[in-house]
Each structure stands twice: as C-alpha cells, then as structure tokens.
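Here the structure comes first, spelled out in structure tokens, and everything after it is commentary.
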Amino acid sequence: MSLKNVRLEVMKFLEKDVEALIQKYLIPIDTIWQPADFLPNSEGLTFFEEIQEIRELSKELPYDFWVVLVGDMITEEALPTYESWLMDVEGVDQVGNPNGWSKWVKHWTAEENRHGDVLNKYLYLSGRVNMREIEKTTQYLISDGFDIGTDRDPYKNFVYTSFQELATYISHNRVAKIAKKAGNKRLGKMCQIISGDEMRHHNAYAEFVDRIFKVDPSQMMMAFYYMMKQKITMPAHFLRESGDKISTAFEEFSNTAQRIGVYTSTDYVDILQKLITRWEIDKLSNLTDEAEKARDYLMKLPKRMYRLAERIKIPENSYQFKWVEPATLK
1 MSLKNVRLEV MKFLEKDVEA LIQKYLIPID TIWQPADFLP NSEGLTFFEE IQEIRELSKE
61 LPYDFWVVLV GDMITEEALP TYESWLMDVE GVDQVGNPNG WSKWVKHWTA EENRHGDVLN
121 KYLYLSGRVN MREIEKTTQY LISDGFDIGT DRDPYKNFVY TSFQELATYI SHNRVAKIAK
181 KAGNKRLGKM CQIISGDEMR HHNAYAEFVD RIFKVDPSQM MMAFYYMMKQ KITMPAHFLR
241 ESGDKISTAF EEFSNTAQRI GVYTSTDYVD ILQKLITRWE IDKLSNLTDE AEKARDYLMK
301 LPKRMYRLAE RIKIPENSYQ FKWVEPATLK
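Position 163 (the sequence shown) corresponds to 163 in UniProt numbering; numbering is contiguous.
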C-alpha cells in the first residue's frame, strides 16, 4: 500500500474520535467570547468616552509594539488562506458527505476568525496606525497565498499546526504582558484570551499527532523530521507592504518581534523541544531504520539550533513601516 493510502486509512481510523475532540477542544458559539466583549459598545451611552480612553492609552505603547500588533493581526486576518489549505489535505472531505475532519477545520477556523476581527477593530479605534496600508497588506497576504511545505500530507500539516499554534500563543501572550505593563488592561486581556485560544488549539493538534504516532509511528516520525529539517515557514512569510514585492516585509517584522522579545529564535527552538518532549519521541519503539535515524536527528537538533540562535544579531534601529505613523516612534 502506498504512503498516501496508508495516511488515508489512518485519517479514516482516527475520524471516529473527531467529534469527541471537537467537544474537548472547541467551545460552543453561544458560550465562547466574541469581539464585542472587548470593544466599546456602539449602542451604549459611554461609547465615545471608551474610544477616547483607548486612544489615550495607545499613546503609552511604543512604535515597535504597534508594528508587532499589526503584523499579528494581519496574520490572523489571512484565515481564508489557512482554511482553504487545510480543506485540501488528504483525508479532509468536504464534498458530498462531509466528514469529521472537515467539520473540525470549519469549527476551528470559525474560532480563529474572531482573533483578527477583534484586533482589527481595536487597531482602527486606537488612532495609532494607518488602516488603509494595513488593509492593503492583508489583501496582499490573502491574494499571495502561502506554501508551508506540507503538501497535502495530513501528518506534516498536523506537525505544522502543532508548532504554529504554540508560536502564536507565545506571541499573543507576550503582547498581552507588554500592554498590561503599560496600563492598557483592555488590550492586555484581549490578547491574553486570544493566546488562551491558541493554546487550546495547539493541544488539539498535538493530540492528533499523538494519536498518529500510536498507529503509524515510523511515518509520523518521518513527517516530523521532514518539517523540522526544512524549518517551519511562518504564515506571514509572504508579508509585504503596498508597492513592494512578495515577502519583503517579513524579515523586518520578524526583527521587530525579536527586538521587543515577543517571538525570538530561541522561542522557535523551545517549541521544537516542547514537541519532542510532548510526543515522547525518545520512547517510541518498533521504528524502521529510516525512522530511527530521523529520531536521532530530531533529538540532537535543539542543542544545535540553540547555538545558532545565540549568534543571531537583531538590528537595534526600528524599520519604518507604512502601517504605523512616524508620530508613534517612541
């Protein structure tokens, strides 16, 4: 049987548990938080006073912070790309009689959609950013699409989402702490609750991988090895500003996030180590020779990558993005 057919059989085998996993990791629409819970009530008598408070508190946050918040928001707003990608993964069937996996993807993306929505509205009210330039970048990112190097392979895609959800948890959680330290409780709470969603989603995808390791350990190991050897491509990798070529804004956005400690090269390696530990790859048995070699590579990789991360030098000066007005330089 081909590897593709084996993966389809494994996806079908695991599908019986997807409904229970939806109940475990996702929250019903009528009870989960909504963006309106964190934004001024446009029907309320204090609407304009609340907007003024947002604008005043926004002045206390530095330029690099706004760049990172904008980049995080744009990444979240590119959700249509992520949903369409996952819907095309082998074993996810949305045609005819949609299966449990397609239900997961739809419910997961419905939860994720709230993140970009609430951050977008907050940024608009803050008065600290150029929304038209941000909107252009968002449209470019969706239009350009992305290729995360997973092909249609569910094993590789689940490694990717396990990694990426943990990365977004770290980023939103750190942004929340910076906002709170600056006295912006509303923004801090908003970003903190977003990070909570990301951790739930990380745990879900990590459990998918756990379950695959139990039934197809060698090929799951090879998928993990493949993804880490080629390195995880961030969703915002194709980020660009208006008038620029594809991917030209990503490096400067990444430098900004590292400069203020929101997401660093060391975090990348920490996530890899956490996944190795979470999936207990050192304890797996009955692996093929090829998978044993892949495991050895993965076990040694964090130490090597930590050494590389220590050598990375981040520019001290802020890059001037079109998204954030120079007046906010601080």
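Positions of the beta carbon are idealized from the N, C-alpha and C atoms, including for glycine. As the structure is a prediction and not an experimental result, all values here were calculated from the model.
Take the Cβ of residue i as the centre, count every other Cβ of all protein chains shown within 10 Å, and call the residue buried at 16 or more, exposed below.
i: residue 222; result: buried
i: residue 155; result: buried
i: residue 280; result: exposed
i: residue 307; result: exposed
i: residue 224; result: buried
i: residue 183; result: exposed
i: residue 261; result: exposed
i: residue 11; result: buried
i: residue 351; result: In the structure displayed, the chain extends from 1 to 330; residue 351 sits before or after that span and is not available.
i: residue 42; result: exposed
Can you tell me whether DSSP reads residue i as helix, strand or coil?
i: residue 129; result: strand
i: residue 95; result: coil
i: residue 295; result: helix
i: residue 262; result: coil
Can you tell me the Cα-Cα spacing of residue i and residue j, whole angstroms?
i: residue 300; j: residue 55; result: 48 Å
i: residue 73; j: residue 219; result: 35 Å
i: residue 39; j: residue 168; result: 22 Å
i: residue 316; j: residue 64; result: 11 Å
i: residue 58; j: residue 278; result: 38 Å
i: residue 265; j: residue 89; result: 29 Å
i: residue 269; j: residue 226; result: 16 Å
i: residue 243; j: residue 133; result: 10 Å
i: residue 44; j: residue 188; result: 22 Å
i: residue 18; j: residue 109; result: 15 Å
i: residue 288; j: residue 216; result: 11 Å
Please work out which residues of its chain come closer than 7 Å, Cβ to Cβ, to residue i, disregarding the five sequence neighbours upstream and downstream, and give them in chain order.
i: residue 193; result: 33
i: residue 157; result: 86, 89 and 150
Spatial neighbours of residue i within its chain, please: C-beta separation below 6 Å, excluding the five flanking residues on both sides.
i: residue 321; result: 67
Is any non-hydrogen atom of the ligand SAM found closer than 6 Å to the C-beta of residue i, if you look at the structure I gave you?
i: residue 250; result: As presented, the structure is devoid of all ligands, the ligand SAM included, so that no description of it is given.
Exercise for the section: Give, in chain order, every unbroken run of the alpha helix (DSSP H) that is at least 4 residues long and sits entirely within the segment 119-207. Expected result: 131-144 and 154-181
Practice task
Would you list, in sequence order, the uninterrupted beta strand (DSSP E) runs of no fewer than 3 residues that lie entirely inside the segment 18-94?
Solution key: none
Exercise for the section: Could I get the ranges of all uninterrupted alpha helix (DSSP H) runs contained in the segment 208-267, with 4 residues as the minimum, in chain order? Expected result: 217-230 and 250-259
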